[in-house]
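Chemist:
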Amino acid sequence: MARDTELQTQKKHEIVAYFNKLSTVMDLGVKKYTIAYCTAATAQKFYLRPKTVEAYIYR
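Going by numbering that gives the first Met the number 0, the residue at position 39 of the sequence shown is 38; the numbering climbs one at a time, nothing skipped.
(1) Measuring straight from C-alpha to C-alpha, what distance separates Thr41 and Ser22?
(2) From the DSSP secondary-structure annotation, give me the bridge partner or partners of Lys30.
(3) In angstroms with no decimal places, state the Cα-to-Cα distance between Glu53 and Phe45.
(4) In whole angstroms, give me the CA-to-CA distance for Phe18 and Arg2.
(5) Start and end of the alpha helix (DSSP H) containing Tyr55?
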């Protein structure tokens with residue numbers, strides 16, 4: 000059975016939105032989290048490998 004492309008795009012948007020939410024957190028005018036931390040936290044939340052998250056974000 001083929002994958003549902005609509006569900007795949009929805010999953011990608013949720014992953015990218017969570018990553019962007021983490022990466023825009025500011026504390027005293029400075030970014031609070033590094034890109035590596037944001038990638039790792041996003042991967043852990045969605046049960047993915049960090050490489051997969053990077054593929055979603057940087058495409």
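A virtual CB, placed ideally from N, CA and C, is assigned to each residue, including glycine.
Modeler: Working from what's here:
(1) Linking Thr41 to Ser22 through their CA atoms gives a straight-line distance of about 10 angstroms.
(2) DSSP output for Lys30 lists Met25 as bridge partner(s).
(3) The straight-line gap from Cα to Cα measures roughly 13 angstroms.
(4) A direct Cα-Cα distance of roughly 24 angstroms separates Phe18 from Arg2.
(5) Taken as a continuous stretch (DSSP letters only), the alpha helix (DSSP H) holding Tyr55 covers 49-56.
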